[in-house]
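To start, the structure under review is shown below, and the notes come after it.
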Amino acid sequence: MKILNVLLVVICLILGMICGVSAELIDRGGGLIYDTELDVTWMRIANYAGVPPDGAMTRQQAVNYVENLEYYDSVRNVIWNDWRMPDAHNPDGSLPVNGIPGSTEGELGHLFLQLSCNRYDSSGMFTNCDPLIGVNAGSQYWTNTSADGINFYVFGPLFREYDITNVGYHPVIVVRDGDVIFINRPPAFNPLPNQTSPEGQLLEFTVSAEDPDENDTLTYSAENLPSGAVFNPATGTFSWTPCYDQAGNYEVTFIVMDSGNPLELDVVTVMITIGNVNRPPAIEPVQPQTVNEGQTLTFAVTAPDPDGDVVDLCASDLPDGAVFNPSTRQFIWTPSYLDGGNYVIVFTALDNGEPPLSSQIETVITVGNTPNPTQLTDDLINTILGLSLPNGIENSYMANLKKVNKFIEQGKINPAVNQVFAFMCKVEEDVAEDLIDVELGDNLLFLATEIVLDLNRDPNERTCD
1 MKILNVLLVV ICLILGMICG VSAELIDRGG GLIYDTELDV TWMRIANYAG
51 VPPDGAMTRQ QAVNYVENLE YYDSVRNVIW NDWRMPDAHN PDGSLPVNGI
101 PGSTEGELGH LFLQLSCNRY DSSGMFTNCD PLIGVNAGSQ YWTNTSADGI
151 NFYVFGPLFR EYDITNVGYH PVIVVRDGDV IFINRPPAFN PLPNQTSPEG
201 QLLEFTVSAE DPDENDTLTY SAENLPSGAV FNPATGTFSW TPCYDQAGNY
251 EVTFIVMDSG NPLELDVVTV MITIGNVNRP PAIEPVQPQT VNEGQTLTFA
301 VTAPDPDGDV VDLCASDLPD GAVFNPSTRQ FIWTPSYLDG GNYVIVFTAL
351 DNGEPPLSSQ IETVITVGNT PNPTQLTDDL INTILGLSLP NGIENSYMAN
401 LKKVNKFIEQ GKINPAVNQV FAFMCKVEED VAEDLIDVEL GDNLLFLATE
451 IVLDLNRDPN ERTCD
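According to UniProt numbering, the sequence shown is numbered sequentially starting from 1.
Below is the structure:
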């Protein structure tokens, strides 16, 4: 008997050394004890609510009890409803055996020894072997690793499973994973790559974060937003259509903060690169132009570039004699008397952007058919021939006018003009002598003046002897 007692003492010494230092049991208050080694919280009280007075349960009663248990934690003002039966098996899945230490690795045995049965007295008997959770050291306990008909038996430090009928009465204790002391953990942004977008195009992306504490509410914000950018904190969406003068790199900072205590946050900086977009020059429209033959048409063409690029301007399909100066951007043309009709001129503007871009406009020029000096002279001769003037007057007029076109065809403009001036002097003389009336004289002088003007001479240069 003494030998047995000594053996028990040795066993207890070993057990005390193993169990006394392997874990820390912390009383969290409110009837809850946290085991730091197993990372579980045990309920110390209230394990028999709603069961027979002797504190025993059938297995089904135990299962129902744990599934529906809601325990109010008065210290933290929280209702815990995630309880389960403790595990009796060892971590490797093996069953507990009579004796120790192997059986202490299961949750149930670990708790029992840690809380109470790690001391002995001089007689070799264990003392203080009632677990501090309010259950009896000599009782039988249901566990979540025991099926119907299988009971886990505890007496002192000895553990074993054996078959029984499902009519016996046995207590159940409960456990939950983790600690009841909440340590707020920070949220973390999900990976977000740097962003690239061209000018003038909508850039939109959403930032998101995860919080390991599922009850936390996340709040998003952004700093260093570029001009025109918008961040929606409710959805975490960043939206921006950069203007055509906003090419460059932008660092935007996003912040996510949780609702825990104390508040925790995460910060991420995203590089946004906006590429330059070249836009074509914009040639301002040129209204349709109208000019008569022999007259000079002048107008300017402008082509501003929205990006401030250097713009080269040219013209194509120019009619004969027309000139476009790319430096001054002036169009100049004096159509000849054979140029009557419509002309379409194409103006092209090309910038020096990357890549170079161009734009075009078309301008319609209408040239009116204006009689030339030869036609005007023929018209004047035909007018006189149709007046039935006296032969002497008619012949004197024809003597000068019929020489005009010959001189023009020979390129002798001054002699041609002098013949017209001589005709005009005869008309004025005939009016003065009442050989023709004043109105007819004025009409003939007007037609003659048109010839002189078309020959680029000043009618006032005329002198009559």
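Using N, Cα and C, we set each Cβ at its ideal position, and we do this for glycine too.
If only complete runs of 4 or more residues are kept, the stretch 373-461 shows the alpha helix (DSSP H) at 373-385, 391-409, 413-432, 438-454, in order along the chain. With fewer than 16 other Cβ atoms from the protein chains shown falling within 10 Å of its own Cβ, phenylalanine 446 counts as exposed.
Short of 6 Å from the beta carbon of proline 335, and not among the five residues preceding or following it, lie these beta carbons of its own chain, in chain order: Glu293, Val367. Cβ contact annotation for aspartate 305 (same chain, cutoff 7 Å, sequence separation greater than five): Pro281, Val311, Asp351, in chain order.
Around the beta carbon of proline 187, 16 or more other beta carbons sit within 10 angstroms, so the residue counts as buried.
Sorting Asn261, Glu251, Ser259 by C-alpha distance to the C-alpha of isoleucine 272 places Glu251 at the top. In the structure shown, tyrosine 244 adopts coil according to DSSP, grouped into three states.
Asparagine 68 sits in a helix when the DSSP states are folded into three classes. When only Cα atoms are considered, asparagine 68 and arginine 59 end up about 14 Å apart. Counting along the chain, the unbroken beta strand (DSSP E) around methionine 271 starts and ends at 265-275.
Bridge pairing for valine 346: Ser316, Glu362 [DSSP].
Separation of the CB atoms of valine 270 and glutamine 195 is rounded to 6 Å, and the pair is thereby assigned contact status at 8 Å.
By the neighbour-count criterion, in which 16 or more other beta carbons inside 10 Å mark a residue as buried, threonine 383 falls on the exposed side. Counting along the chain, glutamine 330 sits inside the beta strand (DSSP E) bounded by residues 330-333. Glutamate 223 sits in a strand when the DSSP states are folded into three classes. Distance between serine 197 and asparagine 249, taken at the CA atoms: about 11 Å. Following the DSSP letters along the chain, one finds phenylalanine 299 inside the beta strand (DSSP E) bounded by residues 297-300.
With a 10 Å radius around the Cβ and a threshold of 16 neighbouring Cβ atoms, threonine 377 comes out buried. The three-state reading of DSSP puts valine 310 in coil, since its state is none of H, G, I, E or B. Rounded to whole angstroms, valine 75 and glutamate 214 show a C-alpha spacing of 21 Å. Remark: fewer than three beta-carbon pairs, one from each stretch, lie closer than 8 Å, so the stretch 317-334 and the stretch 390-402 are not flagged as touching. The continuous stretches of beta strand (DSSP E) do not include glutamate 284, and DSSP gives it neither H nor E. Only exposed fits glycine 178, as fewer than 16 other CB atoms lie within 10 angstroms of its CB. Proline 212 is a Cβ neighbour of arginine 185, given a cutoff of 8 Å.
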